Each structure stands twice: as C-alpha cells, then as structure tokens.
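Down below is the structure, laid out as structure tokens.
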Amino acid sequence: MWRQKALHLDLGWTFDIDIMKDLKNYLILCFAVILTGCGKDFLDVKRTSGQVVPKTSKDCLAILGRENMYYTSSDLAYLGADEYYVKNPADLVAGSQYTPFHQYAYTWQDNPYGSLRNIKDWDLAYERIMYANLALDVESAASGQGETANRDRVKVSARFHRAWNFYQLAQLFCRPYHEPTAGQDPGLPLRVDYDISVRYGRSSLKEVYDRILDDLKEAENIRIVDDINPYMPGTTAVQALLAKVYLQQGKFDMALRYADIVLKKRSTLVDYNNLTGSITDIYGSYFEPYGKNNPSIIFYSAAAVGGIIMPTRQNIDTLFTRSIEQQDLRGEIYFFTRPDGTKVYSGSYCGYGGNEFFTGLSVEEMLLIRAECSARAGSEKNALDDINLLRKNRFSHSSYRNLELGEIDDLLAYILGERKKELFMRGSRWEDARRLNQEGRYLVSFSRMLDGVRYELAPGEKKWVWPIPQSEIDANGIEQNQR
77 MWRQKALHLD LGWTFDIDIM KDLKNYLILC FAVILTGCGK DFLDVKRTSG QVVPKTSKDC
137 LAILGRENMY YTSSDLAYLG ADEYYVKNPA DLVAGSQYTP FHQYAYTWQD NPYGSLRNIK
197 DWDLAYERIM YANLALDVES AASGQGETAN RDRVKVSARF HRAWNFYQLA QLFCRPYHEP
257 TAGQDPGLPL RVDYDISVRY GRSSLKEVYD RILDDLKEAE NIRIVDDINP YMPGTTAVQA
317 LLAKVYLQQG KFDMALRYAD IVLKKRSTLV DYNNLTGSIT DIYGSYFEPY GKNNPSIIFY
377 SAAAVGGIIM PTRQNIDTLF TRSIEQQDLR GEIYFFTRPD GTKVYSGSYC GYGGNEFFTG
437 LSVEEMLLIR AECSARAGSE KNALDDINLL RKNRFSHSSY RNLELGEIDD LLAYILGERK
497 KELFMRGSRW EDARRLNQEG RYLVSFSRML DGVRYELAPG EKKWVWPIPQ SEIDANGIEQ
557 NQR
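In the numbering used here, the protein residues as written are 77 to 559.
In structure tokens form, the structure reads like this:
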C-alpha cells in the first residue's frame, strides 16, 4: 500500500489521504464478505473503528484507484505464447517451485494446473469485477450536491474495468470469437452483481461479448471532463478497448472506426531516438517506473512476472531478435544481452525491465489496429501512412526510410509482423494467434524444445483454451472446457 499511496500522490491524484488510509480496513471487510458469503447485507454492516463501508462516489473512486485494479494477472497469456523459452530443464523445475503449474502450462499439458485448484488469472479477474460491481452499486445509491462529476467518473471507470476483465478472461478461458457459433460456444459466468452468494452458470460466448460491448457503450455515452489519467480509465480508454474488442471479433470496420476516434484525440508516440541512458542488467529499463511521463499510454495495466517467466530464467528466441532490422532501435531498447549472449526482455513501459510487463492500452496499439483494418479494407495508403509513422519513431533517424510495399497482402503480413515486434510481451501474442487461426488466413502454431522433446500447439487444437479452475467447477458446477 505504501508504494500505491506514493504513486497516487506523485501523479496528482485528487483522492483524500483519509480515504486511502481507510481503504485498507475496508478491503479486510471485503475479504470477510467473500469468506462468509454474507452477500449484499455487507453494506448494511454498522461502521466500527476497524471497518469502513463505502458510501460515496469518492469512496468508489478510491476502490477503483487501488493498485490491484490495474495490476492484471496474465500468467497463462505469457506461458502459452512463443515469445520466450526456457533454456535449461532445471530452470523450468526451479521456476515452478513457487508456481507449480508453470511446468505443465509451458508445454500445454492436458492438465496444466497439476494439483492446483485455484488459478489467479481467474480468481483475481473476478475479484476486480466484484470491485467494479460494488462501485456501481454504491454509486447508484449515492446522493448529494456536488457529486455529479465523481459519479460519472465512477460509472465510466467501473464499467471499463468490468469489461476489461471479462475481455481478459474470454481470451484465456473461451474459444476465439466466431460469429456463426458464438451463440452456442461456452462463455463465462457473467457476474454483474457484487453479491457473491449468487451462483452463475456459463453464458454463451456471444453473451460475454454483448456484455462487454454494452458496458463500454454505456460508459462511452457518459462524458467526463478529465480524460488523461492512465490509471483511472476514461472515455478514451473505453474507446480504445472497443477497438480492441471489435478487432478480436473480426469486425474490422468497427475496430477501424474506434481506433481512428482514439487517434484523433491521442496520437503521441514515444520517439525511441530520444530515449537516453543504458541497460546494465536484467532489471534495467529506458522507461520510467509505472509508465510515468509516457504520453503513449492510454490505460496503464501491468502484470507482475514470476516463475519461469522471470528475467533470470526467460530467454528470447534468437530467430525473432535477428528479424529486427539493425536500424530498428527496439533491438536495443527491448532486450538486454547477458554475458553468454542470450537475451532477456527489458522493454516494458512499467520501467522495471523484465520484472513487470505492460499489458495496457497504448497509442501504438491503436495505430496498428487502424493500419491492419485499413489494409484489410484495401486502403493501402492509409495503412502505409500509419506503419511509417510508427517506424519513424522506432528506427534511427539517420538511416530511416519509409516502407514501400506494392501488394496489399504483403502489407497486411508486414503489419501483423509489426504487431509481434511492437506489442512484444504485452499479452497480445496469445490473442493474435487465436484470432488469426480462427480466421484461417494466417495460421500460427507454437512449438518448444525441452530436454530433447518437441512440443507443439497447432491451429485448431482445443488447447488454445485453458481449463476452468477446479475450484470454480466444484463451487458452481459449471461446464469444463474440453482439452
């Protein structure tokens, strides 16, 4: 909590210190609710010296501004992707001592969790959804003059967080979106009430995406004045997530529309030519902690790294790093070279090298979405303009040349390759591989070599969908994903 308080104060947040102090006691109460299942009655609990019950919009903003709301848990999105490898089997075993399922998930085993019943990718996402639901419920009951601005911000932020977390869950525990079958494909328990005593079955995948879009569109219709704080999502973050969701659905016209809306408001890229300093170890970075002073960040979200993905154990594929052109500054800024010549990722906007990964929304992602959708629509010039704008801020100015490609298919393939480079270690690789395999035009397979054994995740396999944690199956009797 001390790190969180310092962050809020340093970045000019307007929450009262007393609210942030009280929040610690309130959270203890929240966890008691989860354990006892007392449901909605918890808001009626009488205040005591050790309990704080949220009653105002300002209380809700403090809940939504907590560090855990923008710290995601994306172990599975990283574990399953092909952006890294474990060089030594001993490292795999050692890295799995603290996170046992890493060893099985790394090779896409039928039972990737081993004996673990609870998986934080699932549990923490639903915890954040619970906080969003709580904030919306408290806000609806809040009253009083002078609360309008805070209430509007609560509505926007809470609906964004609920949509964001349902979206993240869908990329891990549901099949890729396919319009003809989405109405029958298993979705998620759509918890839209903070009463944890209510049992929810699995909705359809279509219902999940409808819920996400409904939340985002409702939030978009609420106009708030201050829309530049990346730690408290506003209208621009909502529209950026809409672009991302529509891209995942294959609705490229809508993804293009929303990416364009965002870029007309927020278009500043970090010019890598202007970054100074150097990386001297695996924890070094060219970027400031928490994404501070980074104009490209629309919504700040981060994933703490552990187990086999830690910088002491991860290795970046040399075939990938060699694909980065010599004049491309990302080769230096994104990777640290160890004494043995292996490379580790160090390019996170979180500013802690390979220790925390940025997983949020950014200007460059919107630029890539607009470029891809323009290329798919046959607008070669618009797509090239966007890609060259990105390249101009990533390549050395002294040797930069605009990209020129004559065929639209070649341009689209290049853009997809740029997504892999630019959005490296942001959780996007897993999402992109799933949607591209669903489309069938650019098939992606992952493979690993471990102790002389080759493991592969091929297009069409059921293992592109992770199992529901056993704790959820036992508690609510919902349908398990097939492997």
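Glycine included, every Cβ here is placed at the ideal spot set by N, Cα and C.
Keep in mind the model is a prediction, meaning the values are calculated, not measured.
Query: Inter-residue Cα distance where the pair is S343 and R406; Result: 20 angstroms
Query: Reduced DSSP secondary structure (H/G/I, E/B, other) of I195; Result: coil
Query: Contacts around N478, its chain only, beta-carbon distance under 7 angstroms, and the 5 residues preceding and following it disregarded; Result: N464
Query: Coil, strand or helix - R559 by DSSP; Result: coil
Query: I374 vs L323 beta-carbon contact at 8 angstroms; Result: no
Query: Proximity below 8 angstroms, CB of S372 to CB of L351; Result: no
Query: Opposing strand residues paired with N513 [DSSP bridges]; Result: N513 is not bridged to any residue.
Query: Helix, strand or coil at V529 according to DSSP, with G and I counted as helix; Result: strand
Query: Where K419 falls, given that 16 or more other Cβ within 10 Å makes a residue buried; Result: buried
Query: Which of helix, strand or coil DSSP assigns to A157; Result: coil
Query: 4 or more residues per run - each alpha helix (DSSP H) lying fully within the stretch 282–323; Result: none
Query: Stretch-stretch touch, CB-based, cutoff 8 angstroms, three pairs: the stretch 239–252 with the stretch 502–510; Result: yes
Query: Coarse secondary structure for P365, derived from DSSP in three states; Result: helix
Query: Cβ shell of R510 (< 8 angstroms), same chain only, five flanking positions each side left out; Result: Q247, P252, W540
Query: Sequence-distant residues of the same chain with beta carbon closer than 7 angstroms to A181, five excluded per side; Result: L152, L155, G156, P188
Query: E548: first and last residue of the uninterrupted alpha helix (DSSP H) it sits in; Result: 546–552
Query: Alpha carbon of G417 to alpha carbon of G353, nearest angstrom; Result: 21 angstroms
Query: Sheet register partners of I373 (DSSP bridge); Result: S438
Query: For R229, three-class secondary structure by DSSP; Result: helix
Query: Alpha carbon of A239 to alpha carbon of K282, nearest angstrom; Result: 14 angstroms
Query: Inter-stretch contact at 8 angstroms, needing at least 3 Cβ pairs: the stretch 435–454 / the stretch 487–494; Result: yes
Query: Of the residues Q179, Y160, D158, the one placed nearest L23, counting alpha carbons only; Result: The structure shown does not extend to residue 23, since the chain spans only 77 to 559, so no value can be given for it.
Query: C-beta atoms of Y430 and V381 nearer than 8 angstroms; Result: Reading off the sequence, residue 430 comes out as Gly, not Tyr. Yes, the pair counts as a contact, with Cβ atoms nearer than the cut-off.
Query: Residue from E480, L519, A459, F433 whose Cα sits closest to the Cα of Y147; Result: F433
Query: N391, DSSP secondary structure in three states; Result: strand
Query: Environment of G423 [buried if 16+ CB atoms lie within 10 Å]; Result: buried
Query: Given Q556 as reference, the closest of V230, L200, P262 once Cα atoms are compared; Result: P262
Query: Own chain, CB closer than 7 angstroms to I400, minus 5 neighbours either side, in chain order; Result: R406, G407, K497
Query: Three-state secondary structure assigned by DSSP to R524; Result: strand
Query: Nearest-angstrom beta carbon gap, R524 and T183 [assumed within contact, 8 angstroms]; Result: 6 angstroms
Query: Residue span of the alpha helix (DSSP H) that contains V420, given as start and end; Result: Counting along the chain, V420 falls outside any alpha helix (DSSP H), though it belongs to the beta strand (DSSP E) covering 419–421.
Query: P545, buried or exposed, once every other Cβ within 10 Å from all chains shown has been counted against 16; Result: buried
Query: Cβ separation of D271 and R235, assumed to be a contact under 8 angstroms, to the nearest whole Å; Result: That pair is no contact at about 18 angstroms.
Query: Under the three-state DSSP convention, the category T175 falls into; Result: coil
Query: I554 beta carbon less than 8 angstroms from that of G277; Result: yes
Query: Candidates V230, N164, T356: closest to Y307 by CA position; Result: V230
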